[in-house]
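S.K.: Under the UniProt record's numbering, the first residue of the sequence shown is numbered 1, with each subsequent residue one higher. Every residue gets a Cβ at the ideal spot worked out from N, C-alpha and C, and that includes glycine. Have a look at this one.
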Amino acid sequence: MPNRPDKRDYITLASSILQFHPEPVNGVFVDDIDKKAYPSVIQDRISTAFVLEDDADWDVNLKKQLQRFASASQLVQGDTGPSHSPYGDLWDLLWIGHCGIQYKTGPIHVTTDDITTVPLPELPRYWHGFPAGADNGTRLVARMHDGVCSLGYAITYLGAQKLLSALSLTPKGDGAPFDVAIGRSCQNGWLRCIAPFPSLIGLWKAAGPKARESDIHNDDGWIEKETPVGTVYSAMDNAHRLLNGERTVHAVLNDAPAPEIDPTKLELPEGTLKMLDDTGINEIIKGNV
1 MPNRPDKRDY
11 ITLASSILQF
21 HPEPVNGVFV
31 DDIDKKAYPS
41 VIQDRISTAF
51 VLEDDADWDV
61 NLKKQLQRFA
71 SASQLVQGDT
81 GPSHSPYGDL
91 WDLLWIGHCG
101 IQYKTGPIHV
111 TTDDITTVPL
121 PELPRYWHGF
131 PAGADNGTRL
141 VARMHDGVCS
151 LGYAITYLGA
161 QKLLSALSLT
171 PKGDGAPFDV
181 AIGRSCQNGW
191 LRCIAPFPSL
201 IGLWKAAGPK
211 ARESDIHNDD
221 GWIEKETPVG
231 TVYSAMDNAH
241 RLLNGERTVH
251 AVLNDAPAPE
261 IDPTKLELPE
271 GTLKMLDDTG
281 INEIIKGNV
């Protein structure tokens, strides 16, 4: 929101540490939904945009996580030919930051022993619970059936057109919160949606009045200490170490498999493509993809 330069500063700092450069867009209230970021994607004919909430946090290894997610996304799509995007071309929305998803049956990419994956007991409350196959150290990627919370998502030009049409052409009185509307569009197939589990984007709760957490709710109380939620090696929490020239970062979770790592030496594991059906996740049998 324009009146929250503190949140813009958080995003600017954390993104500069990882050397990517977001372009801030002023947030809006529900009545001004037409001024949100995705209409700009259409107006400026941007091929793909990555949209983050202003209280987002992420792992210092986000670039490596996204590289693995890109490979998994292509496999889930069955996109084996040349593509314009490293994430493949058969998608409209990549729901990278969420607080709960449900997957469609079909191909699912499974990676185990990923130390950047938040253990299940440490995850924030997920509205949809955990999908089949969820486990500590396991990263899943598949086509989405539904989801909630728009902490971060990538959207294509066509996806932005579809989303704007779904929101602007919905009969008056049948509206829904923005993230719920996205979820419905994924569910009914209007948007082709792919997501990781757990989320690759977390939250940063700054110390101070709880009311600062939200621009639409006035919560009482006080946050004594800044709190990263939904990350292992929080970029916000490790910002001072990295700016001070330290080579290692600390995990923000007490039971993390590796409490301290050197991000430059970390190699994330590769996963395998499997099949998700009503019985759970199964090995691929030739001919069932």
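Mapping DSSP to helix, strand and coil, what is ASP114?
M.R.: coil
S.K.: Would you kindly report the start and end of the unbroken alpha helix (DSSP H) that includes HIS240?
M.R.: 239 to 243
S.K.: Would you mind giving the Cβ-Cβ distance between ILE108 and LEU276, rounded to the nearest angstrom? I have them listed as a contact below 8 angstroms.
M.R.: 4 angstroms
S.K.: Based on Cα-Cα distance, which residue from VAL110, LEU158 and ILE101 lies nearest to LEU151?
M.R.: Ranking VAL110, LEU158 and ILE101 by Cα distance to LEU151 puts ILE101 first.
S.K.: Do CYS186 and HIS145 have their C-beta atoms closer together than 9 angstroms?
M.R.: In this structure, HIS145 lies closer than 9 angstroms to CYS186 by Cβ.
S.K.: Take THR279 and list the residues in its own chain whose beta-carbon comes closer than 7 angstroms to its own, dropping the five residues that flank it on each side.
M.R.: none
S.K.: Decide yes or no for the touch test of the region 84 to 94 against the region 234 to 254: beta carbon pairs closer than 8 angstroms, at least 3 of them.
M.R.: no
S.K.: How many Å lie between GLY245 and ILE194 at the Cα?
M.R.: Answer to the nearest angstrom: the Cα atoms are 36 angstroms apart.
S.K.: Going by beta carbon distance, what residues of the same chain come within less than 7 angstroms of LYS63, once the five residues before and after it are set aside?
M.R.: LEU18
S.K.: In this structure, what does DSSP give as the bridge partners for ILE108?
M.R.: In the DSSP secondary-structure assignment, ILE108 is bridged to ALA142 and LYS274.
S.K.: Since LEU93 and GLY159 should fall inside the 8 angstroms C-beta cutoff, what is the C-beta to C-beta distance between them, to a whole number of angstroms?
M.R.: 5 angstroms
S.K.: Please name the residue, chosen from GLY129, TYR126, ALA134 and ILE155, that lies closest to SER47 on a Cα-to-Cα basis.
M.R.: ILE155
S.K.: Based on Cα-Cα distance, which residue from ASP135, PRO198, ASP57 and ALA49 lies nearest to ALA206?
M.R.: ASP57
S.K.: Around the C-beta of LEU169, are 16 or more other C-beta atoms found within 10 angstroms, so that it is buried, or is it exposed?
M.R.: exposed
S.K.: From the DSSP output, in three-state form, read off TYR103 for me.
M.R.: strand
S.K.: Using a Cβ distance threshold of 8 angstroms, determine whether the region 116 to 126 contacts the region 136 to 143, with at least three qualifying pairs required.
M.R.: yes
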